[in-house]
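Only one structure is covered here, and it is reproduced in the block below.
2 protein chains.
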Amino acid sequence: MYRSHSCGELRATDINTEVTLAGWVQRIKDLGSLNWVVIRDRYGITQLVFDEGRSAKELLENSKKLGREFVIQIKGTVIERESKNPNMPTGDIEVLVSGLTILNEAQTPPFTIEDETDGGEDIRMKYRYLDIRRNPVKNNLMFRHKVGMLVRNYLSTNDFIEVETPYLIKSTPEGARDFVVPSRMNEGQFYALPQSPQTFKQLLMVGGMDKYFQIVKCFRDEDLRADRQPEFTQIDCEMAFVEQEDILHIFEGLTRHLLSEIKGVDIADFPRMTYDEAMKTYGNDKPDIRFGMKFGELNEVAQHKDFKVFNDAELVVGIAVPNGSSYTRKEIDKLIDWVKRPQVGALGMVYVKCNEDGTYKSSVDKFYDQEDLAKWAEVTGANPGDLICVLSGSTNKVRAQLSALRMELAERLGLRNPEEFAPLWVVDFPLLEWDEDTERYHAMHHPFTSPKPEDIALLDTKPGDVRANAYDLVLNGNEIGGGSIRIHDKATQALMFDHLGFTPEEAKAQFGFLMDAFEYGAPPHGGIAFGFDRLVSILGGQETIRDFIAFPKNNSGRDVMIDAPAIIDKEQLKELHIKLDL
Amino acid sequence: MYRSHSCGELRATDINTEVTLAGWVQRIKDLGSLNWVVIRDRYGITQLVFDEGRSAKELLENSKKLGREFVIQIKGTVIERESKNPNMPTGDIEVLVSGLTILNEAQTPPFTIEDETDGGEDIRMKYRYLDIRRNPVKNNLMFRHKVGMLVRNYLSTNDFIEVETPYLIKSTPEGARDFVVPSRMNEGQFYALPQSPQTFKQLLMVGGMDKYFQIVKCFRDEDLRADRQPEFTQIDCEMAFVEQEDILHIFEGLTRHLLSEIKGVDIADFPRMTYDEAMKTYGNDKPDIRFGMKFGELNEVAQHKDFKVFNDAELVVGIAVPNGSSYTRKEIDKLIDWVKRPQVGALGMVYVKCNEDGTYKSSVDKFYDQEDLAKWAEVTGANPGDLICVLSGSTNKVRAQLSALRMELAERLGLRNPEEFAPLWVVDFPLLEWDEDTERYHAMHHPFTSPKPEDIALLDTKPGDVRANAYDLVLNGNEIGGGSIRIHDKATQALMFDHLGFTPEEAKAQFGFLMDAFEYGAPPHGGIAFGFDRLVSILGGQETIRDFIAFPKNNSGRDVMIDAPAIIDKEQLKELHIKLDL
Numbered sequence: 001m002y003r004s005h006s007c008g009e010l011r012a013t014d015i016n017t018e019v020t021l022a023g024w025v026q027r028i029k030d031l032g033s034l035n036w037v038v039i040r041d042r043y044g045i046t047q048l049v050f051d052e053g054r055s056a057k058e059l060l061e062n063s064k065k066l067g068r069e070f071v072i073q074i075k076g077t078v079i080e081r082e083s084k085n086p087n088m089p090t091g092d093i094e095v096l097v098s099g100l101t102i103l104n105e106a107q108t109p110p111f112t113i114e115d116e117t118d119g120g121e122d123i124r125m126k127y128r129y130l131d132i133r134r135n136p137v138k139n140n141l142m143f144r145h146k147v148g149m150l151v152r153n154y155l156s157t158n159d160f161i162e163v164e165t166p167y168l169i170k171s172t173p174e175g176a177r178d179f180v181v182p183s184r185m186n187e188g189q190f191y192a193l194p195q196s197p198q199t200f201k202q203l204l205m206v207g208g209m210d211k212y213f214q215i216v217k218c219f220r221d222e223d224l225r226a227d228r229q230p231e232f233t234q235i236d237c238e239m240a241f242v243e244q245e246d247i248l249h250i251f252e253g254l255t256r257h258l259l260s261e262i263k264g265v266d267i268a269d270f271p272r273m274t275y276d277e278a279m280k281t282y283g284n285d286k287p288d289i290r291f292g293m294k295f296g297e298l299n300e301v302a303q304h305k306d307f308k309v310f311n312d313a314e315l316v317v318g319i320a321v322p323n324g325s326s327y328t329r330k331e332i333d334k335l336i337d338w339v340k341r342p343q344v345g346a347l348g349m350v351y352v353k354c355n356e357d358g359t360y361k362s363s364v365d366k367f368y369d370q371e372d373l374a375k376w377a378e379v380t381g382a383n384p385g386d387l388i389c390v391l392s393g394s395t396n397k398v399r400a401q402l403s404a405l406r407m408e409l410a411e412r413l414g415l416r417n418p419e420e421f422a423p424l425w426v427v428d429f430p431l432l433e434w435d436e437d438t439e440r441y442h443a444m445h446h447p448f449t450s451p452k453p454e455d456i457a458l459l460d461t462k463p464g465d466v467r468a469n470a471y472d473l474v475l476n477g478n479e480i481g482g483g484s485i486r487i488h489d490k491a492t493q494a495l496m497f498d499h500l501g502f503t504p505e506e507a508k509a510q511f512g513f514l515m516d517a518f519e520y521g522a523p524p525h526g527g528i529a530f531g532f533d534r535l536v537s538i539l540g541g542q543e544t545i546r547d548f549i550a551f552p553k554n555n556s557g558r559d560v561m562i563d564a565p566a567i568i569d570k571e572q573l574k575e576l577h578i579k580l581d582l
Numbered sequence: 001m002y003r004s005h006s007c008g009e010l011r012a013t014d015i016n017t018e019v020t021l022a023g024w025v026q027r028i029k030d031l032g033s034l035n036w037v038v039i040r041d042r043y044g045i046t047q048l049v050f051d052e053g054r055s056a057k058e059l060l061e062n063s064k065k066l067g068r069e070f071v072i073q074i075k076g077t078v079i080e081r082e083s084k085n086p087n088m089p090t091g092d093i094e095v096l097v098s099g100l101t102i103l104n105e106a107q108t109p110p111f112t113i114e115d116e117t118d119g120g121e122d123i124r125m126k127y128r129y130l131d132i133r134r135n136p137v138k139n140n141l142m143f144r145h146k147v148g149m150l151v152r153n154y155l156s157t158n159d160f161i162e163v164e165t166p167y168l169i170k171s172t173p174e175g176a177r178d179f180v181v182p183s184r185m186n187e188g189q190f191y192a193l194p195q196s197p198q199t200f201k202q203l204l205m206v207g208g209m210d211k212y213f214q215i216v217k218c219f220r221d222e223d224l225r226a227d228r229q230p231e232f233t234q235i236d237c238e239m240a241f242v243e244q245e246d247i248l249h250i251f252e253g254l255t256r257h258l259l260s261e262i263k264g265v266d267i268a269d270f271p272r273m274t275y276d277e278a279m280k281t282y283g284n285d286k287p288d289i290r291f292g293m294k295f296g297e298l299n300e301v302a303q304h305k306d307f308k309v310f311n312d313a314e315l316v317v318g319i320a321v322p323n324g325s326s327y328t329r330k331e332i333d334k335l336i337d338w339v340k341r342p343q344v345g346a347l348g349m350v351y352v353k354c355n356e357d358g359t360y361k362s363s364v365d366k367f368y369d370q371e372d373l374a375k376w377a378e379v380t381g382a383n384p385g386d387l388i389c390v391l392s393g394s395t396n397k398v399r400a401q402l403s404a405l406r407m408e409l410a411e412r413l414g415l416r417n418p419e420e421f422a423p424l425w426v427v428d429f430p431l432l433e434w435d436e437d438t439e440r441y442h443a444m445h446h447p448f449t450s451p452k453p454e455d456i457a458l459l460d461t462k463p464g465d466v467r468a469n470a471y472d473l474v475l476n477g478n479e480i481g482g483g484s485i486r487i488h489d490k491a492t493q494a495l496m497f498d499h500l501g502f503t504p505e506e507a508k509a510q511f512g513f514l515m516d517a518f519e520y521g522a523p524p525h526g527g528i529a530f531g532f533d534r535l536v537s538i539l540g541g542q543e544t545i546r547d548f549i550a551f552p553k554n555n556s557g558r559d560v561m562i563d564a565p566a567i568i569d570k571e572q573l574k575e576l577h578i579k580l581d582l
């Protein structure tokens with residue numbers, strides 16, 4: 001036994017107990033005849049005292065050889081601390097050391113192992129094992145475990161069965177790029193790593209599993225935007241004999257359970273919004289509804305004058321910034337510069353100050369009178385004291401731009417409180433979306449999503465108008481989960497593949513096994529998948545997923561700690577029947 | 001809502017209740033004016049009745065269109081069953097149907113969906129989603145989930161944190177063959193899929209995680225022997241500040257917990273045996289100790305006569321088969337044929353019948369007298385009525401042969417009761433084993449295993465004699481877990497790599513990150529990993545792991561259901577900077 005107690009365990013009630021502790025040297029305060037050393041493990045920290053007067057001189061001398069992050073084991077007696085530290089769980093006591101063993105020495109770490117470290121992102125990633133010793137990272141990983149256990153126990157209690165689906169599957173042309181794995185035993189052939197266990201969970205429904213879940217790694221070989229990982233974790237779920245309402249009910253329950261257990265927040269029924277409404281009101285299919293600034297569409301009240309910019313626009317739309325009328329000209333100019341940044345891409349911004357006295361002052365006073373502007377204020381819900389920001393252009397672009405502005409302003413105004421939780425279901429997503437690059441429709445969710453039966457007739461005439469039985473769960477402006485009711489008959493699935501540009505032969509080659517399965521008694525089914533990394537980070541009140549992943553990869557998909565990927569032996573390539581093509 | 005109750009739920013107390021059920025048609029018994037249909041879902045089966053007299057004629061007609069495995073939804077009233085079936089949980093009732101909806105039709109399944117199916121292995125694998133509908137497979141998957149939950153909750157309660165380690169890591173030359181993944185973003189480089197999260201869990205210990213576990217997929221690109229899978233699941237665990245005893249204690253606790261919760265079996269302290277003792281006594285490092293037939297080494301009492309076969313042998317060793325003296329000459333000849341099979345490889349077998357009257361009759365009476373044979377009986381523990389089987393040859397080979405014979409005889413004698421559980425710790429494994437093919441020592445467990453400190457001096461002189469702090473947990477003759485105390489200092493790790501034939505440069509290139517980590521304060525640590533597939537199958541009282549895996553691969557590493565691996569696009573290869581080399 002290396003230890004009798006953890007470093008976070010001892011209290012005043014343990015005074016006079018003989019203890020053995022083991023851990024890392026966190027701090028050393030050498031006062032000559034007295035040496036205070038703080039020892040740390042996962043569970044906390046404890047102050048040790050080496051004292052010439054009260055212990056062997058040799059012990060004190062040895063304690064002076066210690067350095068930060070040395071791994072030590074000590075024996076000693078718990079004593080009362082003279083100057084107690086109420087901020088430290090073990091702050092009432094210290095341990096008078098009677099024996100010291102250095103279990104392992106340590107070089108000076110390349111950054112400080114403190115809550116606020118001096119280490120930059122790169123060095124922290126290279127020495128991730130040291131970074132994990134820091135409370136913020138350690139606590140995030142422990143938090144992730146806790147959320148995982150809550151999810152598993154909740155779903156298990158609700159009759160869901162966790163089933164492991166395979167990692168070595170088949171590459172499919174639909175969706176994102178696959179990672180592939182050459183097969184040694186099947187010459188010239190490749191496995192693919194799953195982007196999600198989608199078809200397998202559907203086959204489990206055909207197999208009568210009824211309620212399935214899995215917390216599972218998924219893989220996408222995409223160019224990595226900030227905060228995306230090539231491997232990520234999903235809470236993957238599927239249910240048979242359900243309609244959308246059943247799925248929303250059970251997973252609203254799961255989310256409510258997590259918020260209640262973790263945050264002590266009890267939230268009543270989650271609000272719902274259609275995709276169309278979300279796009280119209282927030283310019284975004286994952287709106288943050290912790291605050292207002294809803295969109296007001298101004299075409300009717302702004303396209304009757306001689307202002308060509310507005311008259312030529314497909315959409316004129318504004319938001320009211322609370323108490324924004326006090327912005328100086330300079331501040332407003334900066335805001336205009338902000339929306340003109342390439343990342344946002346607006347050509348300009350019209351603004352209206354809603355003065356406290358009920359008058360208006362706008363950047364387009366040349367074209368619009370007080371009566372016009374009063375109407376704008378009405379449409380955008382602006383009150384005296386607010387600032388109306390108006391953008392115009394083609395609908396999709398201008399919505400995205402104004403949505404970005406809305407989020408930026410909310411951030412500046414402190415309206416995005418990470419300890420406030422506002423979930424929202426967005427429903428009735430379009431089935432298909434037009435892809436400019438390939439000039440064809442793509443499945444917005446995936447090719448297995450069921451169109452709404454009443455919209456199937458539109459597939460041939462207005463494919464873009466067909467709505468799907470698809471839904472997203474949004475939390476604080478982040479999509480944390482998304483799913484759909486699936487197609488469960490061969491004819492509809494074939495129709496869907498046809499509209500996605502598959503020939504019947506291609507559909508059969510890729511997904512024949514699924515369409516075959518639909519002929520042997522497939523029940524109606526649907527499901528949802530949660531992005532576990534994202535969910536955990538939001539519940540943890542943080543923006544970035546990277547520090548909730550033990551060993552993340554950088555934006556080039558590299559693990560800089562182990563230095564992977566790496567070259568492999570020629571012999572190994574030969575066995576796999578491949579060669580490099582550089 | 002597709003259903004008000006499951007198909008396993010209704011009881012006599014529900015009589016007169018209006019219900020809606022959904023599920024698969026299991027059986028149809030058409031009596032003309034009366035049609036009995038049994039409906040099935042994950043939860044059970046319920047008998048439905050369509051009756052001309054009691055329901056609309058049309059309904060009866062429609063019920064006659066049903067076929068096996070059709071997916072249906074029915075509404076009806078729970079009524080008392082005339083001839084109750086006490087073997088069926090819902091056997092007291094049936095449902096008089098008032099409404100029938102066919103949710104999906106089904107082709108006739110290629111094999112019967114019954115507990116005992118007429119489908120062979122190949123067809124069941126191709127239509128695995130139908131196979132999963134069968135109770136034996138479905139129950140196995142549900143059982144696996146239950147064991148997983150028990151493991152997770154036990155470890156979590158004992159302060160273990162589940163941490164997800166990466167799947168895209170680096171290929172290493174040591175151990176089995178890796179599956180590799182070409183990197184698109186890092187030209188000419190490859191990730192490898194982990195054979196185990198070994199180095200990551202050690203880094204988590206260096207990172208202060210203290211107690212780690214993960215139920216995780218691992219990958220080995222090996223030629224597949226029966227009942228091996230290229231991807232398999234491991235319960236992977238590691239602890240810091242521990243000695244072997246601490247690890248044995250906690251995982252004995254886990255195993256005891258599983259046996260108690262699942263089997264209602266309470267087992268006291270698990271017995272322990274050294275590797276040497278196991279090899280000497282059972283010829284095997286994973287002995288099945290549910291029965292005796294321990295080895296008796298006969299060199300001393302069999303090499304003093306003129307029998308050249310024994311005199312030339314490195315080892316002469318026998319077992320006493322209970323009540324085997326009644327075997328006929330023919331039966332014994334068959335046994336001799338059995339040990340001569342190429343899979344066993346013995347050249348012959350000497351036997352001694354221990355007659356009930358205390359005399360002996362052997363196949364080597366020419367060389368040995370009654371006094372000699374009495375000594376053999378004493379050494380092998382044979383009683384009157386037993387049969388002594390003796391093999392001879394080089395130690396390792398003859399032990400393996402006699403071990404195979406011992407298991408075969410136990411099987412024939414019905415001594416391998418799947419509902420009896422006999423766990424055993426095997427400890428003090430050798431650190432290294434000589435590999436004939438490569439003519440060098442390999443790590444028996446893995447290169448991170450700590451030699452016993454008292455044996456380190458032997459590394460240079462008698463490497464084969466160095467024992468490791470390594471242990472296996474054996475259950476009923478199967479290794480279900482194995483682990484070791486790890487090296488935690490750079491010097492010993494470097495020494496180990498040196499003995500495994502790595503140059504310092506190779507060691508640094510492959511495992512530099514780990515050896516670096518050991519310089520920043522690595523605690524003593526060790527761990528264990530359980531083969532989850534195997535553990536579940538043994539707890540489930542079955543021999544084969546395949547039916548505890550939802551979608552297993554065949555012996556060529558193929559998923560015959562989805563037909564993977566498969567060829568991929570030239571375009572895809574190009575992006576990955578590789579081409580085929582056939």
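Chains as they are written, first to last, in this note's numbering: chain A, 1 to 582; chain B, 1 to 582. We treat Cβ as the ideally placed atom computed from N, Cα and C, and that holds for glycine.
Mind checking residue i: buried by the 16 CB within 10 Å criterion, or exposed?
i, result
"A/Val-398", "buried"
"A/His-249", "exposed"
"B/Met-1", "exposed"
"B/Gly-348", "exposed"
In this structure, how does DSSP classify residue i when only helix, strand and coil are distinguished?
i, result
"A/Gln-195", "coil"
"B/Asn-140", "helix"
"B/Asn-135", "helix"
"B/His-145", "helix"
"B/Ser-325", "helix"
"A/Asn-153", "helix"
"A/Phe-219", "strand"
"A/Lys-508", "helix"
"B/Gln-572", "helix"
Using DSSP's beta-bridge definition, name the partner residues of residue i.
i, result
"A/Lys-361", "A/Lys-353"
"B/Ser-484", "B/Ala-470, B/Gly-527"
"B/Tyr-275", "The partner list for B/Tyr-275 (beta bridge, DSSP) is empty, contrary to what the question assumes."
Is residue i near the ligand GDP, going by C-beta to nearest heavy atom under 7 angstroms?
i, result
"A/Lys-84", "What this structure holds is no ligand at all, so the ligand GDP is not there to describe."
Problem set entry | Any 3 or more C-beta pairs closer than 8 angstroms across the stretch 146-162 of chain B and the stretch 269-281 of chain B | By the Cβ criterion, the stretch 146-162 of chain B is not in contact with the stretch 269-281 of chain B, since fewer than three pairs of Cβ atoms, one from each stretch, lie closer than 8 angstroms.
For this session: Examine the Cβ distances between the stretch 93-102 of chain B and the stretch 75-82 of chain B and report whether three or more of them are shorter than 8 angstroms.
Result: These segments touch.
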